[in-house]
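Visitor: Pasting a structure below so you can have a look.
Residue numbers (our numbering): 20 to 137.
Okay, structure coming up:
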């Protein structure tokens with residue numbers, strides 16, 4: 020990182036930081052040139068801000084994506100489906116129908132339909 024007292028000292032920056040700074044300066048220069056070509060004026064500070072946003076956009080997107088991914092992973096570890104401790108209380112009055120009982124019920128229903136004339 021650059022010295023707090025001298026922010027213009029790049030000797031202590033990482034190669035990536037130096038490359039990004041150079042990219043911002045080159046982009047700002049292109050922005051200023053484009054404005055001048057169109058007969059418009061832009062301040063150096065405004066050009067640097069626009070250049071910084073353009074250069075840092077992919078990095079910011081990656082950082083945001085990684086943050087969201089880490090939050091999702093953290094949440095997925097916390098989500099568990101635990102039994103509530105309740106027993107499944109199925110009604111005890113329900114009988115399992117045997118094949119014979121099913122046949123008897125069907126015959127009874129058919130007889131009722133015959134009586135009604137259907």
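Note that beta-carbon positions come from the ideal geometry of N, C-alpha and C, so glycine has one too.
Please read all numbers here as calculations on a predicted model, not as lab measurements.
Beta-carbon of residue 88 versus every beta-carbon of chain B: anything under 9 Å?
Guide: The structure shown contains no chain B; it is built from a single protein chain.
Visitor: Which residues mark the beginning and the end of the alpha helix (DSSP H) in which residue 54 is found?
Guide: The residue you call residue 54 lines up with position 35 of the chain shown. Start and end: 34 to 56.
Visitor: What number of angstroms, rounded off, separates the C-alpha of residue 129 from the C-alpha of residue 122?
Guide: Working through the chain shown from its first residue, we reach residue 129 at position 110. Working through the chain shown from its first residue, we reach residue 122 at position 103. If you take the alpha carbons of residue 129 and residue 122, they lie about 11 Å apart.
Visitor: Does residue 78 pass the burial test, meaning 16 or more other C-beta atoms within 10 Å, or should it be called exposed?
Guide: Against the chain shown, residue 78 aligns to sequence position 59. Classification of residue 78: exposed, given that the 10 Å Cβ count is below 16.
Visitor: So, under 8 Å CB-CB, residue 74 and residue 39 are touching, yes? Tell me the CB distance rounded to an integer number of Å.
Guide: Position 55 of the chain shown, counted from the start, is the residue given in the question as residue 74. Position 20 of the chain shown, counted from the start, is the residue given in the question as residue 39. About 6 Å; that satisfies the 8 Å criterion.
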